[in-house]
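Participant:
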Amino acid sequence: MEKEGKRCLRRVVLVPAPFQGHINPMLQLGSILHSNGFSITVVHAQYNSPNPSTHPDFSFIPLPDSSSDHILAADGVAFVLELNAKCKARFPEC
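Quick note: the sequence shown, position 1, residue 0 per the numbering used here, numbers continuous.
Written out as structure tokens, the structure reads:
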């Protein structure tokens, strides 16, 4: 019984890249982890948000969409660094 209580404390925060084809595999991974006792939080871009009703046991947290398309087009590394900075500001305790 004590082991079950500790299983509920395991949380995974999934952050799919905000590009085409990244959300569905991340949600599939989340489903597998959830079936093994993990609590799942998905952090996603607002413009590319998944449908929360398809995964009612997950928590979904949108990141603000202030990324410029020109940054992504010009420099993928700068875009990822900007995304990391947003995640850090949103989740200071993680």
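Even for Gly, the Cβ is constructed at its ideal location relative to N, Cα and C.
With H, G and I counted as helix, E and B as strand and the rest as coil, what does DSSP make of H30?
Facilitator: Start at 1 with the first residue of the sequence shown, and residue 30 comes out as number 31. As written in the sequence, residue 30 is Ser, which differs from the His given in the question. Note: S30 maps to helix in three-state DSSP.
Participant: When you compare only the Cα positions, how much space is there between H21 and V11?
Facilitator: Within the sequence shown, the letter at position 22 stands for residue 21. Within the sequence shown, the letter at position 12 stands for residue 11. C-alpha separation (whole angstroms): 17 Å.
Participant: With 16 as the cutoff for other CB atoms within 10 Å, does F18 come out buried or exposed?
Facilitator: Here the question's residue 18 lines up with position 19 in the sequence shown. Result: exposed.
Participant: With C-beta atoms as the reference, is H54 less than 9 Å away from V14?
Facilitator: Here residue 54 refers to the residue found at position 55 of the sequence shown. Here residue 14 refers to the residue found at position 15 of the sequence shown. No. Outside cutoff.
Participant: How many Å lie between G75 and L28 at the Cα?
Facilitator: Translated into the one-based positions of the sequence shown, residue 75 becomes position 76. Translated into the one-based positions of the sequence shown, residue 28 becomes position 29. Straight-line Cα distance between these residues: approximately 25 Å.
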